[in-house]
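Student: From first to last, the protein sequence lines stand for chains A and B.
Quick note on this note's numbering: the first sequence kicks off at 725 and runs consecutively.
Quick note on this note's numbering: the second sequence kicks off at 9 and runs consecutively.
The C-beta atom is built at its ideal place from N, Cα and C for all residues, glycine as well.
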Amino acid sequence: MEFKDYYKILGVEPDSDVKAIKTAYRKLARKYHPDMNPDKGAEEKFKEVAEAYQVLKNEQTRADFDELRKYGSQSQAGFQPPPGWKGSTSSSRQSEQRHDGDFSDFFNSIFGEQGQSSHQQGFHQSRSTRGQDIEVELPVFLEETLKENLKTVEFVIPADPVSQTHASKKHLKVKVPQGVMDGERIRLKGQGRPGFNGGAAGDLYLHIRVVPHPLFDVSGHDVTITVPLAPWEAALGAKITVPTLEGKISLTIPANTQSGHKMRLKGKGLKTKTLTGDMYAVVKVVMPTEASEEGKRMWKELAASEAFEPRKEWSDKNE
Amino acid sequence: MSETLFSISFDELCELEGIESHYVVQVVEYGIVMPFNKKANQESWLFDTKGIPWIQKALRLHLDLEIDWVAVAMVIDLMQQKQALQSENEAFQRQIERFVKIETR
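(1) Taking the C-alpha atoms as reference points, what is the distance between D946 (chain A) and A962 (chain A)?
(2) Pairing CB atoms from the region 949-966 of chain A with CB atoms from the region 975-990 of chain A, are three or more of them under 8 Å?
(3) At a CB distance below 9 Å, what residues from the region 757-781 of chain A approach chain B? Give them in sequence order.
(4) Select from the region 991-1015 of chain A all residues with a C-beta closer than 9 Å to any C-beta belonging to chain B, and list them in chain order.
(5) Q103 (chain B) versus chain A: which residues are under 7 Å apart at the beta carbon?
(6) Any C-beta of chain B within less than 7 Å: which residues of the region 952-981 of chain A qualify?
(7) Should the region 861-874 of chain A be regarded as contacting the region 898-916 of chain A, the criterion being three or more beta carbon pairs within less than 8 Å?
(8) Suppose you measure from the CA of E1030 (chain A) to the CA of A1005 (chain A); what does that come to, to the nearest Å?
(9) Indicate whether P762 (chain A) and F770 (chain A) have their beta-carbon atoms separated by less than 8 Å.
(10) Return helix, strand or coil for S842 (chain A), following the three-state DSSP convention.
(11) Relative to the alpha-carbon of Y1019 (chain A), which residue among A:W1038, A:F1032, A:P955 has its alpha-carbon at the smallest distance?
(12) Taking Cβ-Cβ distances below 7 Å as the criterion, which residues of the region 81-102 of chain B are in contact with chain A?
(13) Is S892 (chain A) helix, strand or coil by DSSP?
(14) If you draw a straight line from the alpha carbon of A776 (chain A) to that of Y730 (chain A), how long is it in whole angstroms?
(15) Mind listing the chain B neighbours of K1024 (chain A)? Cutoff is C-beta to C-beta under 9 Å, in chain order.
(16) Is R106 (chain B) close to chain A, meaning its C-beta is less than 8 Å from at least one C-beta of that chain?
(17) By the DSSP assignment, the alpha helix (DSSP H) with A177 (chain B) in it spans what residues?
(18) Check the Cβ of L912 (chain A) against every Cβ in chain B and list those closer than 8 Å, keeping chain order.
(19) Relative to the alpha-carbon of D829 (chain A), which residue among A:L994, A:E957, A:E772 has its alpha-carbon at the smallest distance?
(20) I need the straight-line Cα distance from Q89 (chain B) to L896 (chain A), nearest angstrom please.
(21) Give a yes or no on whether the minimum CB-CB distance between I63 (chain B) and chain A is below 8 Å.
(22) Against T57 (chain B), what residues of chain A qualify as contacts under a CB-to-CB distance less than 8 Å, listed in chain order?
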């Protein structure tokens, strides 16, 4: 077991006062807290820092650690607590303990698990333990959200060293209700990890991920489709067929439609039990990649006959 | 087939990872997460399952970083705003890509 110098971890001198320790901890915790720092390795670093603070903030555990430090700091790699070591705090074990042992072996060998209870003060643990929740992502296609869907979810219940169970695969049929949205979490009661010592099983959470659609973009309950138009369709107007989430519809494009023009198709968006969104068709005028000789001639003719100045705004501002 | 739920009760929430009930009350008092039925008795509160990760996050910030609830509420609010802006930004990016083809000269 490796000896951990908690002073070094917090970057403080061994004679620092509680205030300095607290300040050092806060600085490091803010830097490495997994909720603030998504980097890999930050969580490990935070655990180390939290462990150091847990020991050093308490006068009694700090005194125990100081005593051990005199003894253990010379033998960095093969540290063993002195024979018969019983820190003054280790006799006062509390019933509030966590099983997942977030702290290092070094910590547990010195302070037992009692030291962890105050760190985990918001999370109490009774003797019969509820199984942990499991969260899996559930990809859902946009079309599937329009009505209730039956989906088979496959997930793994991880191995548990406490109850000595192996990892197991599980299949579950799930009713995905109409109108689910990206980011929602479906809860399946009692389908998570089994409980321990008669505790209830945890829940399974299905984190809904709506798969990006090749044609439609979603915003709330509305969907947007980009409609490519030939320049002459935009100029003369046209009647075109547009795909929606439920089949095709015909859409009339008015003459002189600009690129970027947005048309609302009421009630063609996403559906929930209580409301229906709209679909927006956004026009995008596209040029043919190659024009025929005849086409070129006609463009030239058009260029000669029209007085249109597309960059009028520029010249207005420059004058 | 098991029942599909989008909510979690006050008691169930406390049971979840053993969150102490007074913390849940504080999380609600500071407006970090709101039950669907705030006016009802505390025991019959029902929460959106989407809020669970935020409650856990709030609790971790409060206990690990020793920040008071007002600051936690502000941090969570900003984190939620950031998340919303990020997904809005991603949606705009996707839409722009349908329109614009970037050509460098």
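Tutor: Inspection of the coordinates gives the following:
(1) To locate residue 946 (chain A), count along the first sequence from 1; it is residue 222. To locate residue 962 (chain A), count along the first sequence from 1; it is residue 238. Their backbone Cα atoms lie some 24 Å apart in a straight line.
(2) yes
(3) H757, P758, D759, M760, F770, A774
(4) V1006, K1008
(5) What you label residue 103 (chain B) is simply residue 95 of the second sequence in a count that begins at 1. Near Q103 (chain B) (Cβ distances below 7 Å), the residues of chain A are D941, T948.
(6) none
(7) yes
(8) Within the first sequence, numbered from 1, the residue matching residue 1030 (chain A) stands at position 306. Within the first sequence, numbered from 1, the residue matching residue 1005 (chain A) stands at position 281. Each residue's Cα considered, the two are about 29 Å apart.
(9) On the first sequence, position 38 is the one that residue 762 (chain A) refers to. On the first sequence, position 46 is the one that residue 770 (chain A) refers to. For P762 (chain A) and F770 (chain A), no; Cβs fall outside 8 Å.
(10) Counting from one through the first sequence, the residue named residue 842 (chain A) turns up at place 118. With a pLDDT of only 43 at S842 (chain A), under 50, the local geometry of the prediction cannot be trusted, and the value read off the model is given with reservation. Reduced to three states, the DSSP call for S842 (chain A) is helix.
(11) Position 295 of the first sequence holds residue 1019 (chain A). For clarity, residue 1019 (chain A) is Gly in the given sequence; the question names Tyr instead. Of the candidates A:W1038, A:F1032, A:P955, the one whose C-alpha sits nearest the C-alpha of G1019 (chain A) is A:P955.
(12) A99, R102
(13) Mapped onto the first sequence, residue 892 (chain A) falls at position 168. Reduced to three states, the DSSP call for S892 (chain A) is strand.
(14) In the first sequence, the residue the question calls residue 776 (chain A) occupies position 52. In the first sequence, the residue the question calls residue 730 (chain A) occupies position 6. A776 (chain A) and Y730 (chain A): Cα-Cα distance of roughly 5 Å.
(15) Walking along the first sequence from the start, residue 1024 (chain A) turns up at place 300. What K1024 (chain A) touches in chain B: nothing, since even the nearest Cβ is about 25 Å away.
(16) Translated into the one-based positions of the second sequence, residue 106 (chain B) becomes position 98. Yes - at least one Cβ of chain A is within 8 Å of the one on R106 (chain B).
(17) The displayed coordinates of chain B run from 9 to 113. Any statement about residue 177 (chain B) would go beyond what the structure contains.
(18) What you label residue 912 (chain A) is simply residue 188 of the first sequence in a count that begins at 1. Correct list: S10, E11, T12, L13.
(19) Working through the first sequence from its first residue, we reach residue 829 (chain A) at position 105. Checked all of A:L994, A:E957, A:E772; the closest Cα to D829 (chain A) is A:E772.
(20) Walking along the second sequence from the start, residue 89 (chain B) turns up at place 81. Walking along the first sequence from the start, residue 896 (chain A) turns up at place 172. In a straight line, the C-alpha of Q89 (chain B) is about 34 Å away from that of L896 (chain A).
(21) Along the second sequence, read from residue 1 onward, the residue named residue 63 (chain B) stands at position 55. With 8 Å as the cut-off, I63 (chain B) does not count as an interface residue toward chain A.
(22) Residue 57 (chain B) sits at position 49 when you count from the first residue of the second sequence. Near T57 (chain B) (Cβ distances below 8 Å), the residues of chain A are E908, R909, I910, R911, Y929.
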